[in-house]
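If you read the sequence shown in the numbering used here, its first letter stands for residue -16, the second for the next number, and so on.
The beta carbon of each residue, even a glycine, is placed where N, CA and C say it ideally should be.
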Amino acid sequence: MKKVFLSVLSVLLFAVFAYAEGPYAPGRPSSAAPPDAAGEYRIKDKDGKTKYIGETNDLKRRKKEHERSGKIEGGEKFLWKKAKPSATTEERRAHEKKKIEQHQPYGNKSKGGEGRKANKAKDSKKLDLKSE
């Protein structure tokens, strides 16, 4: 009886600590309709290669933005993982940067981790330079 209890306890502790690490639970990204929640996403091309990796505070909205802009083309997949409720923006961005470095998607223009506001700031500086 004591061995069974210890065995169950060790499995539970492993599950708790495995889940506690990082901003996402273990597992593969989903191809189901994304929720309006924070998370990481990937766009896979027709050949299954990772085209783009990103992180957002609203997966559902971000997918629609990519569809409207043409970043998701016919036959490509939008895969996602919902962030843990306790995950901070900084943790999610650090994870995004790590995944971009690991998978080297050909569609990412930066190393990741800076968020869209940083990209908008860069774009506005370019516009200011053009108007001078």
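Buried is the label assigned to P88, since at least 16 other Cβ atoms lie within 10 Å of its Cβ. By the neighbour-count definition (other C-beta atoms within 10 Å, threshold 16), P6 is a buried residue. Sorting E50, S52, F61 and N40 by C-alpha distance to the C-alpha of K32 places F61 at the top. Of all C-beta pairs linking the segment 72 to 81 to the segment 48 to 55, fewer than three are shorter than 8 Å, placing the two stretches out of contact.
When secondary structure is reduced to three states using DSSP, R11 falls in the coil class, being assigned neither helix nor strand.
According to the DSSP assignment, T71 belongs to no beta strand (DSSP E), since it is labelled neither H nor E.
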